[in-house]
Amino acid sequence: GEDVEQSLFLSVREGDSSVINCTYTDSSSTYLYWYKQEPGAGLQLLTYIFSNMDMKQDQRLTVLLNKKDKHLSLRIADTQTGDSAIYFCAQPPGRRALTFGSGTRLQVQP
Amino acid sequence: DSGVTQTPKHLITATGQRVTLRCSPRSGDLSVYWYQQSLDQGLQFLIQYYNGEERAKGNILERFSAQQFPDLHSELNLSSLELGDSALYFCASSFFDRPSGLNIQYFGAGTRLSVL
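So this is what it looks like as structure tokens:
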């Protein structure tokens, strides 16, 4: 199947690191993506990782990919209240349209 | 701003009615995707068009149809609406970089459909 799974909720304090986890079943995707959805808004691409990479860093964002376990994570350093949103991991199985996880709602406490 | 425009932002209609949602992709993007986001089903792919032709189908009901016009804008038609069709409908456009395999989808702000 083409399932992507995420935990539903994460609460952190401002300034802490957030780690959002995702597992997927289809290993054929060349890239895996993280999208962010703020209330009332569409999905915004945050970052992506090529499937032959283990890690990608982009300012406060770090993506880790464990292909053996089919596990993807997104770490947000120095989390701010503006980071409160729903985060989706997504993959395009076989270059088709994106299959999204259920989304993880990140709540940042001041 | 993603460059993808969806209209209208909100639609309120009654069961049994038909509505049309419109999407204008980013300049130069040939692919348009439609997704449905609902509380119980999450984000689900409905259908994809590439340069005017249907490319892939997802969980799209037979009551729903779409098309992409020569100017590349797309419309999603929803008919015989039911209460369960109430959802956010997103359009995305993309440019596929064949050598690298990178296919970034840019999403519009969505159309919120309420069926009463």
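Order-wise, the sequence lines are chains H and V. Take the first sequence: its letter number 33 is residue 33 in this note's numbering, and every next letter is one higher. Numbering-wise, this note's numbering comes out as the position in the second sequence, counting from 1, plus 1000. Using N, Cα and C, we set each Cβ at its ideal position, and we do this for glycine too.
Can you grab the Cα-Cα spacing for the pair residue i / residue j, in whole Å?
i: A90 of chain H; j: Y35 of chain H; result: 8 angstroms
i: A41 of chain H; j: G103 of chain H; result: 14 angstroms
i: V1004 of chain V; j: E1075 of chain V; result: 13 angstroms
i: L46 of chain H; j: I86 of chain H; result: 12 angstroms
i: S1065 of chain V; j: L1078 of chain V; result: 7 angstroms
i: H71 of chain H; j: Q1017 of chain V; result: 43 angstroms
i: D3 of chain H; j: Q1105 of chain V; result: 19 angstroms
i: G15 of chain H; j: I76 of chain H; result: 10 angstroms
i: V984 of chain V; j: F50 of chain H; result: Lying outside 1001 to 1116, the shown extent of chain V, residue 984 of chain V is not represented and no answer is given.
i: M55 of chain H; j: L64 of chain H; result: 5 angstroms
i: E5 of chain H; j: L1043 of chain V; result: 12 angstroms
i: R1063 of chain V; j: R60 of chain H; result: 44 angstroms
i: T1013 of chain V; j: L1113 of chain V; result: 8 angstroms
i: G1 of chain H; j: T30 of chain H; result: Reliability of the predicted coordinates at G1 of chain H is poor, the pLDDT of 44 falling under 50, and the value obtained from them is presented with this limitation in mind. Straight-line Cα distance between these residues: approximately 17 angstroms.
So with Cβ pairs under 8 angstroms, would you call residue i a contact of chain V?
i: A85 of chain H; result: no
i: P92 of chain H; result: yes
i: T130 of chain H; result: A question about residue 130 of chain H goes unanswered here, because the residues of chain H that appear run from 1 up to 110.
i: T30 of chain H; result: yes
i: L10 of chain H; result: no
i: G42 of chain H; result: yes
i: L65 of chain H; result: no
i: A97 of chain H; result: yes
On a Cα-Cα basis, can you pick out the residue from the options that is closest to residue i?
i: S17 of chain H; options: H:D54, H:P92, H:T81 and H:Q44; result: H:T81
i: H84 of chain H; options: H:I20, H:D26 and H:S29; result: Looking at the sequence provided, one finds Ser at residue 84 of chain H rather than His. When each option's Cα is compared against that of S84 of chain H, the closest is H:I20.
i: D26 of chain H; options: H:L106, H:Q107 and H:T99; result: H:T99
i: Y1050 of chain V; options: V:F1107, V:T1111, V:S1086 and V:F1096; result: V:F1096
i: I1060 of chain V; options: V:S1027, V:T1111, V:K1009 and V:L1046; result: V:L1046
i: R1022 of chain V; options: V:D1071, V:E1082 and V:N1103; result: V:D1071
i: Q57 of chain H; options: H:D69, H:L74 and H:Q44; result: H:L74
Would you call residue i buried or exposed, if buried means 16 or more other Cβ atoms sit within 10 Å of its Cβ?
i: T1099 of chain V; result: Residue identity differs from the one stated: residue 1099 of chain V is Pro in this sequence, not Thr. Exposed is the call here.
i: T1015 of chain V; result: exposed
i: P1025 of chain V; result: buried
i: S1002 of chain V; result: buried
i: F1107 of chain V; result: buried
i: L1039 of chain V; result: exposed
Using a Cβ cut-off of 8 angstroms (strictly closer), state whether residue i contacts chain H.
i: L1102 of chain V; result: yes
i: L1043 of chain V; result: yes
i: Q1036 of chain V; result: no
i: G1084 of chain V; result: no
May I ask you to verify whether the region 1081-1093 of chain V touches the region 1033-1048 of chain V, counting CB pairs closer than 8 angstroms and requiring at least 3? Yes, the region 1081-1093 of chain V is in contact with the region 1033-1048 of chain V.
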